[in-house]
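Engineer: Input: one structure, supplied below.
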Amino acid sequence: MIGNFQRQKSGLITLDPRIKLFHVVVTGIIFFNIESWKSMFGYILSMVLVMMALGVIGPAIKYMLLSLGLLFCYVVLPHIIDSQVIGSIGTLMFILVRFMPFCMMGTIIIRTVDVTELIGALNKLRFPRVLIVPFAVTVRFIPTIFIELKIIRDSMAIRNIQLSFYGFIRKPFRTIEYLLVPLLSRSGKIAEELAASAMTRAIDYPCKKTNLNKLYLRFIDYVYILYIIITGGMVIIWD
Amino acid sequence: MERINRNKLTSKNLIAIGIYNAVFFALVLIIGMIVGIVPVFYLFFYAIGSIALGPVYMLIISRSPKKGTIVISGIIQGLIWTLMGLWHMVIFTTIGGILAEIIANIGQYKKKFYMVLSFVVFILGFYGTSFGVIIFFSDYYIKLSKELGGKADYITSIVNLVHGPMGIVAFIATIIGAVIGGVFGIKLLKKHFDREELSYNG
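Those sequence lines, one after another, are chains L and D.
Here the first sequence stands for residues 18 to 256, numbered as in the numbering used here.
Here the second sequence stands for residues 118 to 319, numbered as in the numbering used here.
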């Protein structure tokens, strides 16, 4: 789901993270404004190109094939088989296609923006410190939480406590307690250690913090903004 | 040396908020994967999920019982979903967070009744997002069914179900689930985490 937040440096271009956040907003606006499958597919194509240029090639191909398959269900299949069920399934598939740009945007951000860059971007956007610190911690630790959960499941298996759907139905509270209490006490320990580590690195010192990644808009960023606006506009006008 | 203001959020509090919100988000994802298999269950997502989310919420507040904790949590949850692409979520979670904060503040982050109530409001903020999407989609669904002619009666019936009794049932179920989750959370906290509490409030 959420991989490790490490930047891939293999892409053709690197972009300012603020521009990527702008792209998220544009994607949201487009989601609410277009209806036909043709313009939807056009927008997905434009995002596949962006993903390719950024060096996220594997997922780009996957999303491409997936949306082609889903659109096949929506556009072609009802003409071949004339039945009510197929029609409804096709429509459901098309709704999945509409969520595709969101997933692609998420993949782009997760694969190409690392936490330091994100903090830098939020700093530049004048987010308050009380929000940046917990947000950075949250984003950084979501993968760790999944690792912890796996460890807890393993140690439950060692103690011969079965974790199954049936068990969850029969004793929901007890199952949740078994899972949640170790997880929460583990994350409490992590929080304590992290706080100590951050304090030794002067998180409380009231000065302006600098960032390793210098953020400024380059030529390629302006090209990207133009690209987003032109493709978005064309898709909406076409619709 | 400056006097430490005990009502202000320290970095220790902020980090604790961050970590427990990571747990909260991870749990939402896992429950979503389990519940999302059946589409109709999606409406009851937070009714089921809040049993697991309640303890986390209560722990966040017990680790940092200060002004701003819940609002920050709400905004962070929304921001993560923004990163995943669903940026409209941040509006609902922030509103839910602010209301929940006010309620918890009335109870001084201690009284059980207010804590449970604030958890219900917080969860309803999340429920609002999925509800908003459904309302938006229903116009879209109906348009599609007109395009398809008689083929899509099935879909219109689902939309009617969501708008009619099912939506109300899901709303009430969410409230009941959140109450159960909140009470369960407080109980779990008393049983397992009460001893550690003092070390965090400094």
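Yeah, the Cβ is synthetic: ideal placement off N, Cα and C, and Gly gets one too.
1) Quick check for students: name the residue ranges of the alpha helix (DSSP H) that lie wholly in the segment 159–241 of chain D, counting only runs of 4 or more.
2) Within 8 angstroms (strictly less), CB to CB, does Val-152 of chain D reach chain L?
3) Taking 8 angstroms as the threshold (beta carbon to beta carbon), is Asp-171 of chain L in contact with chain D?
4) Should the segment 224–237 of chain D be regarded as contacting the segment 173–180 of chain D, the criterion being three or more beta carbon pairs within less than 8 angstroms?
5) Tell me which same chain residues have a C-beta within less than 7 angstroms of the C-beta of Glu-52 of chain L, skipping the five on either side of it?
6) Give, in chain order, every residue of the segment 125–143 of chain D whose Cβ lies closer than 7 angstroms to some Cβ of chain L.
7) Note down, in chain order, every chain D residue with its Cβ under 7 angstroms from the Cβ of Asp-256 of chain L.
8) So the alpha helix (DSSP H) Glu-194 of chain L belongs to, where does it begin and stop?
9) When you check each C-beta in the segment 194–207 of chain L against every C-beta of chain D, which residues fall closer than 9 angstroms?
10) Taking DSSP as the reference, what is the three-state secondary structure of Thr-227 of chain L?
11) Since I believe Ile-193 of chain D is in contact with Pro-151 of chain L (beta carbons under 8 angstroms), could you give me their beta-carbon distance rounded to a whole number of angstroms?
12) Nearest-angstrom Cα distance between Val-42 of chain L and Trp-204 of chain D?
13) Assign Ile-236 of chain L to one of two classes, buried (16 or more other C-beta atoms within 10 Å of its C-beta) or exposed (fewer than that).
14) Among D:His-309, D:Leu-196, D:Val-296, which has the Cα closest to the Cα of Gly-205 of chain L?
15) Closer than 8 angstroms, CB to CB, is Ile-189 of chain D near chain L or not?
16) Would Leu-200 of chain D count as contacting chain L if we go by Cβ distances under 8 angstroms?
17) Just the chain L side, please: which residues come within less than 7 angstroms of Leu-241 of chain D by C-beta, in chain order?
18) With a threshold of 8 angstroms on Cβ separation, who are the neighbours of Asp-33 of chain L within its own chain once the five nearest residues in sequence on each side are excluded?
19) So is Val-102 of chain L buried or exposed if we call it buried at 16+ other beta carbons inside 10 Å?
20) Can you tell which of D:Leu-306, D:Ala-143, D:Ile-148 has its C-alpha closest to the C-alpha of Arg-157 of chain L?
21) When the Cα of Arg-203 of chain L is compared with those of L:Ile-175, L:Asp-131, L:Thr-161, which residue comes out closest?
22) Please check the pair Leu-170 of chain D and Phe-209 of chain D, which I expect to be a contact at CB under 8 angstroms, by giving their CB distance rounded to whole angstroms.
23) Pick out whichever of D:Lys-307, D:Leu-131, D:Gly-298 has its Cα sitting closest to the Cα of Ile-187 of chain D.
24) Is the Cβ-Cβ distance between Ile-226 of chain D and Pro-182 of chain D less than 8 angstroms?
25) Any Cβ of chain D within less than 8 angstroms of the Cβ of Met-81 of chain L?
26) Going along chain D, which residues have a C-beta under 7 angstroms from Leu-148 of chain L?
27) Would the segment 211–231 of chain L and the segment 132–139 of chain D be scored as touching if the rule is three or more Cβ pairs under 8 angstroms?
28) Under 8 angstroms between C-beta atoms, does Val-93 of chain L make it to chain D?
29) Buried or exposed: Lys-129 of chain D, going by 16 or more other Cβ atoms within 10 Å of its Cβ?
30) If you measure from the beta carbon of Val-233 of chain D to each beta carbon in chain L, is any gap under 8 angstroms?
31) DSSP state of Gly-267 of chain D, grouped into three classes?
32) If we define contact as Cβ-Cβ less than 8 angstroms, is Phe-162 of chain D a contact residue for chain L?
33) What three-state label does DSSP hand Pro-76 of chain L in the structure shown?
34) Apart from the five residues just before and just after Asn-50 of chain L, which ones in its own chain have a Cβ nearer than 7 angstroms to its Cβ?
35) Spell out a yes or no on whether the segment 52–62 of chain L and the segment 105–115 of chain L are touching, meaning 3 or more CB-CB pairs, one atom from each, closer than 8 angstroms.
36) Could you tell me whether the segment 118–129 of chain L touches the segment 58–77 of chain L, where touching means 3 or more Cβ pairs closer than 8 angstroms?
Structural biologist: To lay it out plainly:
1) 162–180, 186–201, 206–223
2) One-based indexing of the second sequence puts residue 152 of chain D at position 35. Answer no: the Cβ-Cβ gap between Val-152 of chain D and chain L never drops below 8 angstroms.
3) The sequence position of residue 171 of chain L within the first sequence is 154, counting from 1. Not one chain D Cβ lies under 8 angstroms of Asp-171 of chain L.
4) yes
5) Residue numbering aside, residue 52 of chain L sits at position 35 when the first sequence is read from its first letter. Same-chain partners within the cutoff: Asp-256.
6) Leu-126, Ser-128, Lys-129, Leu-131, Ile-132, Ala-133, Ile-134, Gly-135, Ile-136, Tyr-137, Asn-138, Ala-139, Val-140, Phe-142, Ala-143
7) Against the first sequence, residue 256 of chain L aligns to sequence position 239. Residues of chain D passing the Cβ test: none, with the nearest at roughly 13 angstroms.
8) On the first sequence, position 177 is the one that residue 194 of chain L refers to. It spans 189–217 - the alpha helix (DSSP H) in which Glu-194 of chain L sits, taken as one unbroken run.
9) Glu-194, Leu-196, Leu-197, Val-198, Leu-200, Leu-201, Ser-202, Ser-204, Gly-205, Ile-207
10) Position 210 of the first sequence, counted from the first residue, corresponds to residue 227 of chain L. Here Thr-227 of chain L sits in coil by DSSP.
11) In the first sequence, the residue the question calls residue 151 of chain L occupies position 134. In the second sequence, the residue the question calls residue 193 of chain D occupies position 76. About 6 angstroms; that satisfies the 8 angstroms criterion.
12) Mapped onto the first sequence, residue 42 of chain L falls at position 25. Mapped onto the second sequence, residue 204 of chain D falls at position 87. Val-42 of chain L and Trp-204 of chain D: Cα-Cα distance of roughly 7 angstroms.
13) Here residue 236 of chain L refers to the residue found at position 219 of the first sequence. This sequence places Phe at residue 236 of chain L; Ile is not what is there. Flag for Phe-236 of chain L reads exposed.
14) For this step, residue 205 of chain L is matched to residue 188 along the first sequence. For Gly-205 of chain L, the nearest C-alpha among the options comes from D:His-309.
15) Position 72 of the second sequence, counting from 1, holds the residue named residue 189 of chain D. By this cut-off, Ile-189 of chain D is an interface position.
16) Residue numbering aside, residue 200 of chain D sits at position 83 when the second sequence is read from its first letter. So yes, Leu-200 of chain D belongs to the interface.
17) Translated into positions along the second sequence, residue 241 of chain D becomes position 124. By Cβ distance, chain L contributes nothing, its closest Cβ being about 21 angstroms from Leu-241 of chain D, past 7 angstroms.
18) The residue given as residue 33 of chain L occupies position 16 in the first sequence. Ala-138, Leu-232, Tyr-233, Leu-234, Arg-235, Asp-238.
19) Reading the first sequence from its first residue, position 85 is the one you call residue 102 of chain L. Per the 10 Å Cβ criterion, exposed.
20) Mapped onto the first sequence, residue 157 of chain L falls at position 140. Selected option, being the one with the closest Cα: D:Ala-143.
21) The residue labelled residue 203 of chain L in the question sits at position 186 within the first sequence. Ranking the options by Cα distance to Arg-203 of chain L, first place goes to L:Thr-161.
22) Along the second sequence, one-based indexing puts residue 170 of chain D at 53. Along the second sequence, one-based indexing puts residue 209 of chain D at 92. The pair is not a contact, with the Cβ atoms about 16 angstroms apart (cut-off 8 angstroms).
23) Residue 187 of chain D sits at position 70 when you count from the first residue of the second sequence. The candidate whose alpha carbon is nearest that of Ile-187 of chain D is D:Leu-131.
24) Indexing the second sequence from 1 puts residue 226 of chain D at position 109. Indexing the second sequence from 1 puts residue 182 of chain D at position 65. Checking the sequence, you will find Tyr at residue 226 of chain D rather than Ile. The answer is yes: Cβ separation under 8 angstroms.
25) Along the first sequence, one-based indexing puts residue 81 of chain L at 64. It does not: the Cβ of Met-81 of chain L has no partner Cβ on chain D nearer than 8 angstroms.
26) Residue numbering aside, residue 148 of chain L sits at position 131 when the first sequence is read from its first letter. What Leu-148 of chain L touches in chain D: Ile-189, Ile-192.
27) yes
28) Looking up residue 93 of chain L in the first sequence gives position 76. Closer than 8 angstroms: no.
29) Sequence index remark: in the second sequence, residue 129 of chain D carries index 12 (1-based). Counting Cβ neighbours within 10 Å, Lys-129 of chain D comes out buried, since at least 16 surround it.
30) By 1-based counting over the second sequence, the position of residue 233 of chain D is 116. Chain L, which has no Cβ nearer than 8 angstroms to the Cβ of Val-233 of chain D, makes this no.
31) By 1-based counting over the second sequence, the position of residue 267 of chain D is 150. Below a pLDDT of 50, predicted positions are generally treated as unreliable, and Gly-267 of chain D, at 47, falls in that range; no measurement from the model is reported.
32) For the purposes of this step, residue 162 of chain D is taken as the residue at position 45 of the second sequence. By this cut-off, Phe-162 of chain D is not an interface position.
33) Counting from 1 along the first sequence, the entry for residue 76 of chain L is found at position 59. Note: Pro-76 of chain L maps to helix in three-state DSSP.
34) What you label residue 50 of chain L is simply residue 33 of the first sequence in a count that begins at 1. Once the five neighbours on either side are set aside, the close Cβ partners of Asn-50 of chain L are Ile-253.
35) yes
36) yes
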